[in-house]
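**Q** Chains as they are written, first to last, in the UniProt record's numbering: chain A, 1 to 410; chain B, 1 to 410.
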């Protein structure tokens, strides 16, 4: 008799974005003429940069010719891309990450979910609250939690609140934890971590032999020169951290799919018998057994992100979205809203006015301003009373959204 | 203290293809002038068909234009591709599979590995022997086995021998099993399953409430009109089977990455409390939580495989590889080798001559004929004394390989 994985039954049915979709669709059916502006999901809106599409066209021509056709590539990614990443994202910033420590993949969502395959069931897992839901849900599926409480918190996980009260900087946990998810620039709060904050976590991980799963998918949005782009800028981090990066939010690859994960060769975990075991070969084995590489055409596109033209075009894209974020910030502040994030990140995190719950504010904004955002409570109990707006949109829509927002709130 | 998944330590270090690579590289270093012909790994050699590359070029142009740009797509795949598959691969053959039962993915290797996430730890798993190693290794990683014996068999798995003695048709297991991996046309043996064989398994699964994981990645190679292309041609299979298909071996997508998995809405498993649970929403949740969809450009390429031009071009590709397989078969039979498969499949499976072990024959073929094949024992204990040759190569190389093979064996 085939038995299902019962842990799946613990997952809360109303996943955030489907529920948003349901409410927006219902509204649109009742109000077919409403021009709804969506600042909810963090999806890019601008086309792929020309340097990238040119490289992809060229790669397709190679695939159409027997003499240049590519079949199975290395599961870890082609050397041309791994080297471009190591050189540009790390070595050029003085950070020690080598090409063979980089695993090309089809998404940071996939990697942050799949990485837990290589860790034992008995690790104590810490997440921030609010948090990107994938970190939690994949641990629920894997059986590392109990049931969810009414506020949506799963027993067995350690939640680290990040709110205005602690300046969105999580405290070290009071109980020992083994795996720690950190995401900076942060989704959903749009806040960043200073060197001091990251050093505190690296020191903690070194002391406890914990491992930090560092999601840096929004790294390209950091403009403040004092904010680290990589956790490996912190001394000792190579011994305790895995870093996830993506081409989704810089090069516009949300529908094109390419990302990478850095697993330093220095990183170790403990086997059940207490022996130290290298993590790099474990992930290599997992990655090459359950994944077959990113399409050649896509890898050539990603490589072009590091050409001089590609870099300039991506910089322009990021600048454009950051200007949107700035317009949102300023527009909201002008009507007395408490706003966080949105400086070195494409997300603006705001305190709902007049003590409304996140979903109450969602409904009001949708009904009265035809604006869609994301309720903070959907990211965790400590997100209640907050609300996320995404800067991924046209300038025209952002400007219009600010006007409508101001009208509702004033 | 971060703890690794100790089950990974049970995996045998010498995975098949790396070991082949090691021996071939050593030979090539010692014999730099040898013209080695590789009939080992099952990787296509011919370029992508023009209908597909045209569609991909067009899709890239869409991605370069703001008005037609695509960000995140549905994790399950775009409707245009799911509908094309349902219509052409199933409905047109009178098989009841609907578009919303099809999940687009980046590979059958990935899906056959990932599918076990949704099943409980306590399922008894059956595999054929020889077998595609991913089915076994992913179950080892997930902790459903004990240690491996010296022959490479893991305790806890049920191995179903397929050899010349049983006409490469596995017997039903004597003990009850819950999950059964079947692959037809088969990798590595190149043999196919009749309706009667599949009916036997479907009936077994219905009786035992087992689930069949049916890997049909080589379906396009079936030319015998009596051989089923889908397990859903067998009455009752929708209640007990998941089917995996791929664009790798028909459309040449090994480096382009697109596949799909069919999870019928009729399929159910049991929760720990004995309740029947639908499998489709479980896989949907897994797929949308840990995967983010196949690139839009690639999905447009896959869709073009179903255009009239695409179908004709793919048919020609498959015909070409099958002709290679036929040349291999005939050439080997002419010198008295026992040959199996290679009629409705791109793999030829042969009995090693003079009682040589699979690896002895591998070394002899490499040293004396500069030919690379795959030792049958690498696919399992019952593959000992067998050897796999792949038909994926140029005509010239296949003809030359046959000549060299005949010289060594005669």
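The beta-carbon is built from N, C-alpha and C at its ideal position, and this holds for glycine as well.
(1) To the nearest angstrom, how far is the alpha carbon of residue 44/A from that of residue 390/A?
(2) So, does the CB of residue 76/A fall closer than 9 Å to a CB anywhere in chain B?
(3) Check the DSSP bridge columns for residue 183/B and list the partner residues they point to.
(4) Please classify residue 330/B: does DSSP put it in a helix, a strand, or coil?
(5) Chain B beta carbons: is any one of them nearer than 9 Å to that of residue 19/A?
(6) Find the residues of chain A that neighbour residue 178/B, judging by a C-beta separation of less than 7 Å, and give them in chain order.
(7) How far does the beta strand (DSSP E) with residue 93/A in it reach, from first residue to last?
(8) May I ask you to report which of helix, strand or coil DSSP gives residue 388/A?
(9) Going along chain B, which residues have a C-beta under 8 Å from residue 119/A?
(10) Between the Cα of residue 218/A and those of 241/A, 264/A, 341/A, 352/A, spot the shortest distance and give me the residue it belongs to.
(11) Is the shortest distance between the beta-carbon of residue 364/A and the beta-carbons of chain B less than 9 Å?
(12) Tell me which residue opens and which closes the alpha helix (DSSP H) that residue 269/B is part of.
(13) Indicate, with yes or no, if the ligand NAD has a heavy atom lying under 8 Å from the CB of residue 11/A.
(14) Residues of chain B with CB closer than 7 Å to the CB of residue 411/A, please, in chain order.
(15) Checking contacts by CB at 9 Å: is residue 200/A closer than that to chain B?
(16) Determine, using beta-carbon pairs with one atom in the region 227–244 of chain A and one in the region 92–106 of chain A, whether at least three such pairs fall under 8 Å.
(17) Less than 9 Å between CB atoms is the rule here; does residue 256/B satisfy it with respect to chain A?
(18) Roughly how many whole angstroms lie between the Cα atoms of residue 132/A and residue 1/B?
(19) Counting pairs of Cβ atoms below 8 Å between the region 146–155 of chain A and the region 318–326 of chain A, do you hit three or more?
(20) Count the other CB atoms within 10 Å of the CB of residue 382/B; is the residue buried (16 or more) or exposed (fewer)?
(21) Out of 7/B, 186/B, 72/B, which has the shortest C-alpha to C-alpha gap to residue 257/A?
(22) Bridge partners for residue 283/A per DSSP, in chain order?
(23) Would you check if there are 3 or more beta carbon pairs closer than 8 Å linking the region 301–311 of chain A to the region 367–378 of chain A?
(24) Output yes if chain B places a C-beta closer than 9 Å to the C-beta of residue 297/A; else output no.
(25) Name the chain A residues whose beta carbon is nearer than 7 Å to that of residue 271/B?
(26) List the residues that DSSP assigns as beta-bridge partners of residue 38/A.
(27) For the region 46–62 of chain B, list every residue whose C-beta sits within 8 Å of some C-beta in chain A, in sequence order.
(28) For residue 64/A, would you say it is in contact with chain B, using Cβ-to-Cβ distances shorter than 9 Å as the test?
(29) Looking at chain B, is there any beta carbon in it that lies within less than 9 Å of the beta carbon of residue 318/A?
(30) Could you tell me the distance, in whole angstroms, from the CA atom of residue 247/A to the CA atom of residue 293/A?
(31) Do the CB positions of residue 160/A and residue 126/A come within less than 9 Å of each other?
(32) Cα separation between residue 70/B and residue 25/B?
(33) Show which residues of chain B have a CB atom less than 8 Å away from the CB atom of residue 139/A.
(34) For residue 55/A versus residue 53/B, is the C-beta spacing smaller than 9 Å?
(35) Residue 211/B CB to nearest chain A CB: under 9 Å?
(36) Quick check: what's the CA-CA separation for residue 274/B versus residue 252/A?
**A** On the basis of the supplied data:
(1) Distance between the alpha carbons of residue 44/A and residue 390/A is about 9 Å.
(2) Judged by the 9 Å Cβ criterion, residue 76/A is not in contact with chain B.
(3) In DSSP, residue 183/B forms a bridge with 215/B.
(4) DSSP, read as helix, strand or coil, puts residue 330/B in helix.
(5) Using a CB distance cut-off of 9 Å, residue 19/A does not count as an interface residue toward chain B.
(6) Ordered by position in chain A, the residues that pass the 7 Å Cβ test against residue 178/B are 1, 2, 3.
(7) Premise fails: residue 93/A is in no beta strand (DSSP E) and is neither H nor E.
(8) Three-state result, residue 388/A: strand.
(9) Proximity of chain B to residue 119/A at the Cβ level (cut-off 8 Å) is accounted for by 2, 3, 4, 5, in chain order.
(10) The candidate whose alpha carbon is nearest that of residue 218/A is 341/A.
(11) Contacts with chain B at 9 Å (Cβ-Cβ) do not include residue 364/A.
(12) Taken as a continuous stretch (DSSP letters only), residue 269/B belongs to no alpha helix (DSSP H), being part of the beta strand (DSSP E) at 268–270.
(13) Summarising the ligand content, the structure contains no ligands, and the ligand NAD is consequently not present.
(14) Coverage of chain A is limited to positions 1 through 410, which leaves residue 411/A absent and any answer about it impossible.
(15) Residue-level contact by beta carbon fails for residue 200/A and chain B, as no gap is shorter than 9 Å.
(16) Because the criterion of three Cβ pairs below 8 Å is met, the region 227–244 of chain A and the region 92–106 of chain A touch.
(17) Yes, contact with chain A.
(18) Between residue 132/A and residue 1/B, the C-alpha separation is close to 24 Å.
(19) At 8 Å Cβ cutoff, the stretches do not touch.
(20) Classification of residue 382/B: buried, given that the 10 Å Cβ count is 16 or more.
(21) The candidate whose alpha carbon is nearest that of residue 257/A is 72/B.
(22) Beta bridge pairing from DSSP links residue 283/A with no other residue.
(23) Short answer: they don't touch.
(24) Taking 9 Å as the CB threshold, residue 297/A lines the interface with chain B.
(25) Listed along the chain, the chain A residues whose CB falls inside 7 Å of the CB of residue 271/B are 4, 6, 9.
(26) Per DSSP, 372/A.
(27) Of all residues in the region 46–62 of chain B, the ones placed with a Cβ closer than 8 Å to any Cβ belonging to chain A are 46, 47, 48, 50, 53, 56, 57, 60, 61, in chain order.
(28) Yes - at least one Cβ of chain B is within 9 Å of the one on residue 64/A.
(29) False, the Cβ-Cβ gap to chain B never drops below 9 Å.
(30) Whole-angstrom Cα-Cα distance: 16 Å.
(31) Cβ distance < 9 Å, so residue 160/A and residue 126/A count as in contact.
(32) For residue 70/B and residue 25/B, the distance between alpha carbons rounds to 43 Å.
(33) Here the premise fails: no neighbours, minimum Cβ distance about 11 Å.
(34) No, they are not a contact pair.
(35) Residue-level contact check: residue 211/B touches chain A, since one or more beta carbons of chain A fall below 9 Å from its beta carbon.
(36) If I take the Cα positions, the gap works out to 46 Å.
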